[in-house]
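In the numbering used here, the protein residues as written are 7 to 77. Glycine residues also receive a C-beta, built at the ideal position from the N, C-alpha and C atoms.
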């Protein structure tokens with residue numbers, strides 16, 4: 007499996023985890039990821055983030071979005 011495909015699967019995993027944790031639908035989760043550039047964050051941070059558990063990753067995404075909202 008190539009690296010790009012692996013990262014795409016990881017991003018889907020993160021999106022689904024975020025959606026479940028926030029109890030929102032897929033469109034809302036996708037909107038947050040697009041609006042706050044979470045896709046780039048996850049791609050660039052893949053090497054470290056993919057070694058973490060789901061709860062850590064979701065909490066990290068929530069913190070990242072909260073920091074982006076402050077800008």
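Out of curiosity, what's the CA-to-CA distance linking residue i and residue j?
{"i": "residue 70", "j": "residue 38", "result": "11 Å"}
{"i": "residue 36", "j": "residue 54", "result": "22 Å"}
{"i": "residue 40", "j": "residue 16", "result": "16 Å"}
{"i": "residue 49", "j": "residue 67", "result": "12 Å"}
{"i": "residue 29", "j": "residue 8", "result": "32 Å"}
{"i": "residue 34", "j": "residue 25", "result": "8 Å"}
{"i": "residue 19", "j": "residue 75", "result": "23 Å"}
Starting from residue i, trace the alpha helix (DSSP H) both ways and give me its first and last residue.
{"i": "residue 74", "result": "60-75"}
{"i": "residue 38", "result": "32-41"}
{"i": "residue 9", "result": "9-28"}
{"i": "residue 46", "result": "44-50"}
Please state whether the Cβ-Cβ distance between residue i and residue j is less than 8 Å.
{"i": "residue 23", "j": "residue 63", "result": "yes"}
{"i": "residue 13", "j": "residue 52", "result": "yes"}
Grab me the residues of residue i's own chain with a C-beta within less than 7 Å of its C-beta, minus the 5 sequence neighbours each way, in chain order.
{"i": "residue 45", "result": "17 and 39"}
Of the choices the options, whose alpha-carbon is the least far from that of residue i?
{"i": "residue 60", "options": "11, 21, 14 and 12", "result": "21"}
{"i": "residue 73", "options": "11, 10, 47 and 27", "result": "47"}
Whose C-beta lies closer than 8 Å to the C-beta of residue i among residues of the same chain, with five residues either side of it excluded?
{"i": "residue 77", "result": "none"}
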